[in-house]
Each structure stands twice: as C-alpha cells, then as structure tokens.
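Read left to right, the sequence shown gives residues 0 to 311 (numbering that gives the first Met the number 0).
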Amino acid sequence: MNLNSSFTGDDNLYIRLKTGNGAGWMAEKDEGGYLSSTNTGADEIKVDKIWYTFPIGERQTVWIGPRIENYYMHATTPSLYSPTLKQFTLGGNAAAYGASTNSGLGWAYKFDNGFAVSSNVVSKQNGTTNKGFLTKESEHSWATQVGYTQNQYSISAIVNMKYNGWEDEYFSTQTGQSRASVSGSPASDSTNIGLRAWLRPEESGSVIPSISVGYDTSSIQYGADNVDSTDMWFAGFGWADMFQPDDKIGVAFGQPQKREDETSDPFAWEAYYAFKANDYTEYRTTVFGGTDRNGTANDDISGVVFQTTFKF
0 MNLNSSFTGD DNLYIRLKTG NGAGWMAEKD EGGYLSSTNT GADEIKVDKI WYTFPIGERQ
60 TVWIGPRIEN YYMHATTPSL YSPTLKQFTL GGNAAAYGAS TNSGLGWAYK FDNGFAVSSN
120 VVSKQNGTTN KGFLTKESEH SWATQVGYTQ NQYSISAIVN MKYNGWEDEY FSTQTGQSRA
180 SVSGSPASDS TNIGLRAWLR PEESGSVIPS ISVGYDTSSI QYGADNVDST DMWFAGFGWA
240 DMFQPDDKIG VAFGQPQKRE DETSDPFAWE AYYAFKANDY TEYRTTVFGG TDRNGTANDD
300 ISGVVFQTTF KF
C-alpha cells in the first residue's frame, strides 16, 4: 500500500506498507530466483519505506528518510527493463546499484539540456540504533551518478563507494559477493563503478524493442591478490502493445557479478509475457534459468512463475 501526503503541494511524504511470506527459492539471492515482488515479512504488515522529498527551486530535489534505498534518489533512470527477477533490476542489481533499505539522504539536480547529477548516502544500522548514522561501526553506501537523457535514449555512470563491508547484490555469485579482506585487516571498503544505457523506439507496438544494457566493475581494499575485483554485464529487451494494448514482452540475460579467480562462467536469463485483463489486473508468465548461476560448475537452475497484480 502506497501512501502519499503533501504539505505544500510540491513536497511529498511517502510511506509504503508491505507484507508477504516469500521464502525458499523466491527469496534466495545466490541462485537468482529472488522475485522483484518478494517480501519476507512473515505475514506481518510492516512499514517498508518512508521518506520525505521536497524541491529546491525548479531543478533540485532533496530526499531524507529512515527507510530508503539509494536508487530512489538517482536523477537518471538507469534501465527501462521491467523485470520479474530482482537480479535484473536497474540494469543488473550488482555492486554498483545493489542497495538496502536504511536511513539515508540525497540530492539531485536536473539541467534543462538533459544532463543530471545526483549524490546520496545510506547508512546501515542492521536494525539497531547503537551503531549510529555514518559512524565507524555502521556500513554505508555513498552513490554519485551523472547521466544524460533524451526522449529515445539515455546514458549514465555511477560511482558507489561502500564502506565497512557493505554487501547487497542480487545479481552475483556467492563468491563474487563475499570478497572478504585479508586476515587482520579491517572490514573492506569497495569502489563500485556502473555504466548504463537504454534506447527505445518512438512508438510502442513496434517490432523494435527498447534496449537496456549495463556493466559493473568493482574492487575492494585490503583484498588478497586475484580475489579483490569483480565484474558483471546485463542486457534487457522490452516490447509493448504487441498483441493488445498494455501488454508486455520482456527478455533479459547476462553474467552475474563474478570474482576474477572464478573458473566457471555464470549466466542467467528470463523471458515473460504480461497482459492486462482489465484496468486493475495484470497477469504475467515468466520462465527463467541459469547455468553455473552461483559460480559453481553444473549448478544450473530453471523455473516458471505465474504472477497476478491488482492495482486499485
């Protein structure tokens, strides 16, 4: 449930209530089955997101809140692909765009020529208050993005500095995510760089799809030789209004984030068709799979998901 309130007409207090009992493979990061719609709230209604945003003049926006993620505060949309699996969000949910809901604040500026810049920080207390905000005891993520957008295309770059061992990636092998510092060193800081671009046709219903691509590279401090760097790539294609109004076809694939010493070649993919039965109900059927998905040879997966979405 999304709740929006405004005090001036230009600002917004956003609160999202969410519940769900997702578990097993649909809440599993390492194998890639985690659904974008999954919630592991154990049948309890909880405050999932809460933040306040307000403009400064006509081109600047500020966010602040106790439950927010970095990507809500970016000025440029990194990907147009609408995924079923969370690993394919944001042009590949790996080191550069991987996030977690915690306390944060951010700022964005949009120029009148298509350029935009934003910077934000989120501090992870892991459900406790004794670690503080942006302290040596807390993990935190500082993301700065620069982008350029026109009606039919966009390109952007992000640098996300993560401190004190922050790890939150859905598009990664287990080894690619857990790059521990060498023995006796402090928890690792990482530098994560992400490149994103998308193109879309002028009109929907065309056989030409929208195309979204992404690439990440990441390195950590205090890591041992040959185990301190990772990379990932992503491609997603979307078609709209092909057989009837408001239907969608999506295909995405890519290499999950892998560490440089991994010998396997992980690969993941999904394909879906979605259509609206009426103004309030959408049905989506997705098939997905992967080879060596978790970075282990012959660790292959496959599955089918049927989803129904109601909007009122």
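We put the CB at the ideal spot given by N, CA and C, even for glycine.
Assigned with DSSP and collapsed to three states, Thr285 falls in strand. The segment 57 to 72 makes no contact with the segment 188 to 205: fewer than 3 CB pairs, one atom from each, lie closer than 8 Å.
Under DSSP, the beta-bridge partners assigned to Gln149 are Tyr152. In this structure, DSSP gives Thr83 a state outside helix and strand, which the three-state scheme calls coil. Scanning the segment 197 to 262 from its first residue to its last, the whole beta strand (DSSP E) runs of 3-plus residues come out as 209 to 219, 228 to 239 and 247 to 258. A contact between stretches requires three or more CB pairs, one per stretch, nearer than 8 Å, and the segment 1 to 11 meets this requirement with the segment 36 to 56. Glu281 and Gln306 have their alpha carbons spaced roughly 8 Å apart. In the displayed model, Gln144 falls within a strand according to three-state DSSP.
With respect to Gly90, Val212 sits close: the two C-beta atoms are nearer than 8 Å. For Thr307, the uninterrupted beta strand (DSSP E) run begins and ends at Ile300 to Phe309, by DSSP. Beta bridge pairing from DSSP links Glu138 with Lys123. Secondary structure at Asn277: coil, using DSSP grouped into helix, strand and coil. Gly90 carries a helical assignment under DSSP once its states are collapsed to helix, strand and coil.
Scanning His73, Ser177 and Asp245 for the CA closest to the CA of Ser118 turns up His73.
Proximity to Phe87 across Pro255, Asn277 and Asp299 peaks at Pro255, based on C-alpha coordinates. A direct Cα-to-Cα measurement between Glu259 and Phe266 gives close to 15 Å. Secondary structure of Trp165 (DSSP, three-state): coil.
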